[in-house]
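Sequential numbering of the sequence shown, starting at 8, is according to the working numbering.
What follows is a set of notes on a single structure, which appears directly below.
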Amino acid sequence: MFFTPSAEKDLLNAKQFYAKINAALGQYCVDSLMLDIERLRFFAGIHPNINGRFRVLARSFPFSIYYQVIDDQVLILAVLDNRQNPKSIEHRLTNG
8 MFFTPSAEKD LLNAKQFYAK INAALGQYCV DSLMLDIERL RFFAGIHPNI
58 NGRFRVLARS FPFSIYYQVI DDQVLILAVL DNRQNPKSIE HRLTNG
């Protein structure tokens with residue numbers, strides 16, 4: 008399992024956003040997202056493929072996890088808040 012630098016930053020941004028509400032909530036958000044990401048070890052490749060990227064919805068927070076499977080390895084491309092403008096999401100996915 009590998010993360011792009013921008014995906015790592017996405018997780019940090021999610022943590023910071025929810026930590027402003029409650030410090031423990033920020034950590035819970037990241038822990039929940041990481042659990043969803045860890046599940047990809049078993050279920051990678053079964054999710055909808057959108058323009059060459061798989062997309063899985065997070066279970067506990069309004070995020071989508073975008074990833075690719077390369078030589079049996081999972082590359083996490085982005086962890087994006089679903090409440091964004093869809094054009095912003097597409098721009099981020101195409102431009103990193």
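The C-beta atom is built at its ideal place from N, Cα and C for all residues, glycine as well.
- In this structure, V63 and I77 do not form a Cβ contact; the two beta carbons are roughly 16 Å apart against a cut-off of 8 Å.
- Considering only D43, F49, N102 and V86, the residue with the shortest C-alpha distance to K16 is V86.
- Note on geometry: alpha-carbon atoms of V37 and L47 lie some 16 Å from one another.
- Comparing alpha-carbon positions, the option among Q80, L82, D88 and I57 lying closest to A65 turns out to be D88.
- Of the other Cβ atoms in all chains shown, 16 or more fall within 10 Å of the Cβ of I44; this residue is therefore buried.
- The three-state reading of DSSP puts N92 in coil, since its state is none of H, G, I, E or B.
- Judged by DSSP secondary structure, R60 falls within the beta strand (DSSP E) whose first and last residues are R60 to L64.
- Ranking Y74, F70 and A31 by CA distance to the CA of P55 puts Y74 first.
- Counting the other Cβ atoms within 10 Å of the Cβ of F49 gives fewer than 16, which makes it exposed.
- The shortest CA-to-CA distance from F10 to any of K94, N92 and I83 is the one to I83.
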